[in-house]
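**Q**
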C-alpha cells in the first residue's frame, strides 16, 4: 500500500544522574509517540483522498551507535522522512562512561573559548575544498541566502573511537540534499585533546 514505518525508542540505563536518565527516556518516548502520530495522520489523510496517488511514504526513527568504548558511548537518534525525496533529522548523544554524564559541545570544549569560530573556519575551508575537488554542493558562496557561516554553540556532534570531535549536520542544513547528512572530523590541533 506504499506506507512503511519503523519507530525505535532508545532506552538509557545506568546513568549516575537518575533525574537526567528519566528525563532523557521520557523525551525519547514523547518523540516516538509524535512520530507514530505523524505517520498515522499521514496514512489516514492519504487513504481518505478520493483520487488515490501512486506514492510511497516511509517514516523511520532509529538509533545508530557511533562510539562504544571504555570512555565514550555516543549514538545518533535519527528521524528519516521519505515522501518522494527524503529528509533526515539527527540528534546526537555523547555520554562519558566514567560519570555517565551527557556532555554538551560547550562543556567538552570549555578550555577553548573561541571553539565556535575555530571549528567553523575549519569546516568552511573543508566545504570549499570538497566543492572544488569533489564537486561538492556545500553552501559557502559569500552572500548566498543559505551560506554556512558558523556552527551553533550546541551543534550536533559526537566523539569517535579515536577521541576526535565529529561535527554533524542534518540533510539540507549546510548543503544540497545530494550531500546527505555531512559529518566533519575536527583535528585535535583545533580542539586540543578532548579526553
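In the numbering used here, the protein residues as written are 598 to 792. Using N, Cα and C, we set each Cβ at its ideal position, and we do this for glycine too. All figures in this text were calculated on a predicted structure; none of them were measured in a lab.
1. Could you pull out every residue in the same chain whose Cβ sits closer than 6 angstroms to the Cβ of residue 618, ignoring the five residues on either side in sequence?
2. Which stretch, first to last residue, makes up the alpha helix (DSSP H) that contains residue 623?
3. Give a yes or no on whether the C-beta atoms belonging to residue 604 and residue 656 are separated by under 9 angstroms.
4. Measuring CB to CB, does residue 716 end up less than 9 angstroms from residue 762?
5. On the three-pair Cβ rule with 8 angstroms, is the region 734-745 touching the region 696-709?
6. Is the distance from the Cβ of residue 772 to the Cβ of residue 736 below 9 angstroms?
7. Quick one: measure Cβ to Cβ for residue 614 and residue 733, integer angstroms, because I've assumed they're closer than 8 angstroms.
8. Using the three-state DSSP reduction, which class does residue 718 fall into: helix, strand or coil?
9. If you count every other CB in all the chains shown that lies within 10 Å of the CB of residue 691, and 16 or more means buried, which is it?
10. Between which two residues does the alpha helix (DSSP H) carrying residue 704 extend?
11. In angstroms, rounded to a whole number, what distance separates the CA positions of residue 727 and residue 755?
12. What is the rounded straight-line gap between the Cα of residue 693 and the Cα of residue 681?
13. What would DSSP say about residue 749, mapped onto helix, strand or coil?
14. DSSP puts residue 683 in a beta bridge; with which residues?
15. Taking DSSP's pairing of strands, which residues face residue 772 in a bridge?
16. Are residue 781 and residue 765 close, meaning C-beta to C-beta below 9 angstroms?
**A** Considering the structure as presented:
1. 609 and 612
2. 615-644
3. In this structure, residue 656 lies closer than 9 angstroms to residue 604 by Cβ.
4. Closer than 9 angstroms, so yes.
5. no
6. yes
7. With a Cβ gap of about 41 angstroms, residue 614 and residue 733 do not count as contacting.
8. helix
9. buried
10. 702-705
11. When rounded, the distance between both Cα atoms is 22 angstroms.
12. Cα-Cα distance, rounded: 39 angstroms.
13. Look at residue 749 here: in three-state DSSP terms it is coil, with no helix or strand label.
14. 679
15. Residue 772 pairs with 735.
16. yes
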